[in-house]
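In what follows, a structure is listed as structure tokens, so that the remarks can point back to it.
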Amino acid sequence: MALLGWETYFDKTLGCWMGKNSGGTLGGPVEGRKEALALDWYPVVQEGGIPNDDLEVQLVWLHALETRGIALTAEDLAAEWLDHYLPNWDEYGFSKTNVRKGLLPPLSGAWNNWFSESMGCPIRSEIWACVAPGLPLLAARLAREDAIVDHTDESAYAEILFAVIESAAFVEEDRDRLMALGLAAIPDESRVARAVRVMQETWQRTGSWEATRQAILDAEGRWNFTDAPQNIAFTLLGWYSSPTDFGQAICDSVNCGYDTDCTGATLGAILGTAWGARRLPERWMKPLGDSIAIDPRRTRLHVVPKTLQELAERTAAIAVAMLAQHGYVFGPGRTLDVALPTP
């Protein structure tokens, strides 16, 4: 059994969003570059970080949870997507077109969608982990409902992998155990699992970032820089190459290139959840402050969290309701008692 106190839960939730913002700000300006990079600091530094859809889309899901209730279905999320998120790039646009034609999930993500295995849904895993702390199977189920709105197979596996890791990270910090839990939740023969195994095996054999990056590309590289499997492995490579250094870890992921805002943001969130806000390095957090930067042209939301603290508070309120629905009493002054599944 594992115990999670309320203060620890809140610190980890705040750390998740802080890490997400930090990694996305690092990777955003170089998104789409396919060569190996050499960043060691934010290319752009501004209060709140830089606007990033990796965080914005989860504000839409927060709105859905607050207004539609915690028993969300993929159809609820598809309706929310149409109403509140405006960009139509890649899989977002194909999915919306399908929904408008009457093709509901999972068809909305599968039909005539050239980007159905891209990074648009793996970047949305954090909200499900934070409202299902220490309950990775619940987080996985929520992540799947999300994924099938605009994606299929490999992208869904990627979001489930991340949601399981992040949910378990509320009560478990050991990287190898978290990785085992995540991989156990997806098909062993999937491209995502293969890319991650290639990363693990090459790193263990060589200890070389360059060799591991190339092995990932040799095994699962694709022309589309947003293709999920290569980017999932890049994300997790930073956790292996720099397991105790937050800044170097997110740099190692981003420096692989490709969908760099996604890789940096997700690893930042994983580390922020595992370590908590108090253990994140001030050097990387202080320049961005507590505010949230969004692009108002992309969301149609009236009550957007202004700060990461507010985002964590509103996320925590949903977690209390979500846990209550599943038989757990949690909140300030209380402790959550959960048992992680066996990998």
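Numbering (my numbering), first residue to last: 9 to 351.
For glycine and all other residues, C-beta sits at the position ideal for the given N, C-alpha and C.
Mind checking residue i: buried by the 16 CB within 10 Å criterion, or exposed?
i, result
"T343", "exposed"
"A332", "exposed"
"F335", "Per the sequence presented here, residue 335 reads as Gly, with Phe not at that position. Looking at its Cβ environment, which holds fewer than 16 other Cβ atoms inside 10 Å, G335 is exposed."
"V337", "exposed"
"E153", "buried"
"L150", "buried"
"E218", "exposed"
"R213", "exposed"
"W97", "exposed"
"N106", "buried"
"S133", "buried"
"A79", "exposed"
"P289", "exposed"
"S30", "buried"
"E43", "exposed"
Since residue i and residue j should fall inside the 8 angstroms C-beta cutoff, what is the C-beta to C-beta distance between them, to a whole number of angstroms?
i, j, result
"D91", "C129", "With a Cβ gap of about 18 angstroms, D91 and C129 do not count as contacting."
"W247", "L225", "Wrong, their Cβ atoms sit about 18 angstroms apart, outside the cutoff."
"S116", "S163", "No, S116 and S163 are not in contact; Cβ-Cβ is about 13 angstroms, not under 8 angstroms."
"K104", "W89", "7 angstroms"
"A155", "A193", "No, A155 and A193 are not in contact; Cβ-Cβ is about 13 angstroms, not under 8 angstroms."
"N263", "L45", "4 angstroms"
"G40", "I58", "So it is not a contact: roughly 15 angstroms between Cβ atoms."
"T234", "M127", "5 angstroms"
"W5", "G341", "Any answer about residue 5 is impossible in this case: the structure gives the chain only from 9 up to 351."
"D61", "P95", "7 angstroms"
"A203", "T160", "Incorrect: roughly 17 angstroms between the Cβ atoms, too far for contact."
"R291", "G255", "7 angstroms"
Report yes or no: is there a C-beta of chain C within less than 8 angstroms of the C-beta of residue i?
i, result
"D269", "Going by chain labels, chain C is absent from the structure shown, which holds only one protein chain."
Among all the DSSP beta bridges, which residues are the ones paired with residue i?
i, result
"G13", "T343"
"S124", "Its beta-bridge partners do not exist; DSSP assigns none."
"T315", "S299"
"D269", "Bridge partners of D269: none, in fact."
"D235", "S126"
"T307", "Y93"
Assuming contact is defined by CB atoms lying nearer than 8 angstroms, are residue i and residue j in contact in what I supplied?
i, j, result
"L85", "K28", "no"
"S299", "T323", "no"
"L169", "G142", "no"
"Y50", "L34", "yes"
"L73", "I326", "yes"
"V346", "A10", "yes"
"A241", "M187", "no"
"V236", "G32", "With the sequence shown as reference, residue 236 is identified as Ala, and Val is not the correct amino acid for it. In this structure, G32 does not lie closer than 8 angstroms to A236 by Cβ."
"C24", "A277", "yes"
"E55", "L296", "yes"
"D260", "S249", "yes"
"M26", "M293", "yes"
"Y93", "R306", "yes"
"E180", "L12", "no"
**Asked** Counting pairs of beta carbons, one from the region 12–31 and one from the region 273–281, are three or more of them closer than 8 angstroms?
**Response** yes
**Prompt:** Are at least three pairs of beta-carbons, each pair with one atom in the region 130–140 and one in the region 161–173, less than 8 angstroms apart?
**Reply:** yes
**Request:** Report yes or no: do the region 228–238 and the region 192–200 share at least 3 C-beta pairs separated by less than 8 angstroms?
**Result:** yes
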